[in-house]
Amino acid sequence: MSLLIKGGTVVTAEETYRADVYCAEGTIQAIGKNLKAPGGAEVVDAGEALVIPGGIDPHTHMELPFMGTVTADDFMTGPSAALAGGTTMIIDFVIPSPEQSLLEAYDTWMSNAEKAPADYSFHVAITWWSDQVKEEMGVLTRERGVNSFKHFMAYKGAIMLDDEVLLNSFDRCQELGAMATVHAENGELIYHLQNKLMAMGITGPEGHVQSRPPAVEGEATQRVIAVAGAVNAPLYVVHCSCKEALSAIATARANGQAVYGEALAQHLVIDESTHYLEDFTQAAAHVMSPPFRSKEHRDAIWGGLQSGTLQTTASDHCAFCAPQKAIGKDDFRLMPNGCGGTEDRMSVLWDQGVKTGKLTPNDFVRVTSTATAKIFNIHPRKGEIRVGADADIAIWDPNASRTVSAKTHHSNMDFNLYEGMTLTGISRATISQGKQVWDGNELRVEKGVGRYIPRPTYSSVFDRVKTYAELNAPHKVERA
Ligand code: URQ
Ligand code: ZN
Ligand code: ZN
């Protein structure tokens, strides 16, 4: 099975040049001018379009049991929607129940993902702490290709962790050469404000945003950076949505701490007023954490992406339909948190980022695939157009537009955050493992061909992970 992309302009995070790209056996085999297709090769004419690495969405939740229900997209429908939007790989989250074995949960996700039509990988969440958890983190990194562990500072009474567990887990991440990732919101503060609002009779979706002001995220981000810094653990902050969190990350980076940050496409464009919509179904469909923010915060997050304080973009695709959101009809605290968007992430970034002049096309590639591949240690196999890289490619038409609608999107969701928006910049063709799976109109996905992509730890690639003692030179004072 081979495929030749004729014409087109190759755009990577670093370079822009005209070339043909030849793919066979699932990888890029040649890049150059006037390449000839061997007999039988499929030819895709890229014309004036761009040839870019397929997007990598580093934050999704397919078939996740959460808040009394299960997300509406599974490992077939979610990644299919992603492919239609030019994203060829997701990194999903294994979230064990508290007290559950990490390995058992990992096996469940592996089995769920057997149906995936595109490549995928997993972060594993730490939802409790014990010697068993510590030991299993070692097994996951050494034997199962996991190099990142997720920590929730919110969702009190469910998966929220206290500082003691954060410290234990970050210390272990540091020892293993793994990345600690974090959902940074102060869960105690949220709990307190939620109960206060309920007591005041505020039971609708507007209570969700009012219980999660920017200070809630800012405090947690600052604290978790301090916790990670105490044990020299590299830290990746997911869905950074406000100025306060951004400035904590910027300060840490300026001080030389290894802190990375992710922006969600929806946090860049959707306003906090959506939480106050009169139509309950519409307002409920916007309930996610952190919530949507004002323009001031959105502008700051754009600035974070432009300046490099934030490196990656994600969708946090966590799809719930209206009947699921209705679980929280009379009590916003019970409403499943999460929105969709893996199909639209790249178009939103092009339309609102590149077309407006905030990002260059090379920046676009950097924030939609390459930086993620580098941070999570799968570069240059993923996130790159280079001989030897996986042939995961989007033929990106920078001038074509589409109007987003839940009626035409490929997710199982009955709602789309970007409904009615006309976005310029679309995947005219998506190529996964060297095969065209989207032609701009139709998906030609095949169940189960997606592969689990193991991600080695940082210590196994570079000898850069040092112990706490090596880095800090603790010493005992001998006294008479
Ligand atoms: O917090 C998350 O990332 C997931 C579990 C739920 N979705 C959301 O509201 N962001
Ligand atoms: Zn989260
Ligand atoms: Zn999430």
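Position one of the sequence shown corresponds to residue 1152 (my numbering), numbered consecutively onward. Cβ atoms here follow ideal geometry from the backbone N, Cα and C, with glycine treated the same way.
query: Between Val1538 and the rest of its own chain, which residues show a CB-CB distance below 7 Å, the 5 nearest in sequence each way excluded?; result: Ile1179, Gln1180, Ala1181 and Ile1182
query: Ordered along the chain, which non-local residues of its own chain (more than five positions away) have a Cβ less than 7 Å from that of Asn1337?; result: Met1304, Val1367, Glu1370 and Ala1371
query: Tell whether a beta-carbon distance below 7 Å holds between Ala1405 and Val1375.; result: no
query: Ser1153 bridges to which residues according to DSSP?; result: Ala1175
query: What residues are listed by DSSP as bridge partners for Ala1276?; result: Lys1301
query: Whole beta strand (DSSP E) runs in the segment 1364 to 1416 with 3 or more residues, listed along the chain?; result: 1386 to 1388 and 1410 to 1415
query: One question on the structure: do Asn1513 and Ala1164 come within less than 7 Å of each other, judged by their Cβ atoms?; result: yes
query: Reducing DSSP to helix, strand and coil, say where Leu1348 ends up.; result: helix
query: Buried or exposed, going by whether 16 or more other CB atoms sit within 10 Å of the CB of Ala1434?; result: buried
query: Are the Cβ atoms of Val1596 and Met1572 separated by less than 7 Å?; result: no
query: From the DSSP output, read off the bridge partner residues of His1334.; result: Phe1303
query: Just to confirm, is the Cβ distance from Leu1415 to Asp1467 under 7 Å?; result: yes
query: Out of Ala1192, Asp1495, Asp1270 and Ser1299, which one is the CA nearest neighbour of Thr1239?; result: Asp1270
query: Residues in the same chain with beta-carbon distance under 6 Å from His1210, minus the five sequence neighbours each way, listed in chain order, please.; result: Val1389, Ala1465 and Asp1467
query: Return yes when the C-beta of Met1439 is under 6 Å from any heavy atom of ligand 1, and no when it is not.; result: yes
query: For a test of the three-state rule: what should DSSP assign to Ala1522, helix, strand or coil?; result: helix
query: When DSSP labels each residue in this structure, what does Met1288 get in the three-state scheme?; result: helix
query: Helix or strand or just coil, what does DSSP make of Ile1267?; result: The residue asked about is misnamed: residue 1267 is Ala in this sequence, not Ile. Coil at Ala1267, not helix or strand.
query: My output table needs one value for Phe1244: the three-state DSSP class, helix, strand or coil.; result: strand
query: Leaving aside the five residues before and after Lys1184 along the sequence, list all residues of the same chain whose C-beta is less than 8 Å from its C-beta, in chain order.; result: Arg1169, Ala1170 and Asp1171
query: Is any non-hydrogen atom of ligand 3 found closer than 6 Å to the C-beta of Asp1543, if you look at the structure I gave you?; result: no
query: At what residue ranges does the segment 1554 to 1605 contain a whole run of the beta strand (DSSP E), taking only runs of 3 or more?; result: 1573 to 1583 and 1586 to 1589
query: According to DSSP, is Ser1320 helix, strand or coil?; result: helix
query: Among the candidates Cys1391, Cys1174 and Met1152, whose CA atom is the shortest distance from the CA of Ala1542?; result: Cys1174
query: Leaving aside the five residues before and after Thr1523 along the sequence, list all residues of the same chain whose C-beta is less than 6 Å from its C-beta, in chain order.; result: Ile1207, Pro1209 and Thr1463
query: For Arg1602, which residues from the same chain have a beta carbon less than 6 Å from its beta carbon, with the 5 sequence-adjacent residues on both sides left out?; result: Asp1270
query: Between which two residues does the beta strand (DSSP E) harbouring Val1194 extend?; result: Glu1193 to Pro1204
query: Can you check the segment 1455 to 1506 for any alpha helix (DSSP H) of at least 4 residues that lies completely inside it and give the ranges in chain order?; result: 1473 to 1476 and 1496 to 1500
query: Hey, could you find the ends of the beta strand (DSSP E) Tyr1168 is sitting in?; result: Thr1167 to Arg1169
query: Out of Val1628, Arg1363, Gly1296 and Ala1233, state which residue places its alpha-carbon closest to the alpha-carbon of Ile1604.; result: Gly1296
query: In angstroms with no decimal places, state the Cα-to-Cα distance between Gly1504 and Pro1474.; result: 34 Å
query: Candidates Leu1155, Asn1567, Ile1310 and Lys1307: which alpha carbon is nearest Ala1557's?; result: Asn1567
query: Please tell me whether Ala1451 and Leu1397 are closer than 7 Å, where the distance is taken between their beta carbons.; result: yes
query: Taking all protein chains shown into account, do 16 or more other C-beta atoms lie within 10 angstroms of the C-beta of Thr1519, making it buried, or fewer, making it exposed?; result: buried
query: Return the first residue and the last residue of the alpha helix (DSSP H) that Pro1230 is part of.; result: Thr1228 to Ala1235
query: Would you tell me roughly how many angstroms separate the C-alpha atoms of His1448 and Ala1409, rounded to the nearest one?; result: 23 Å
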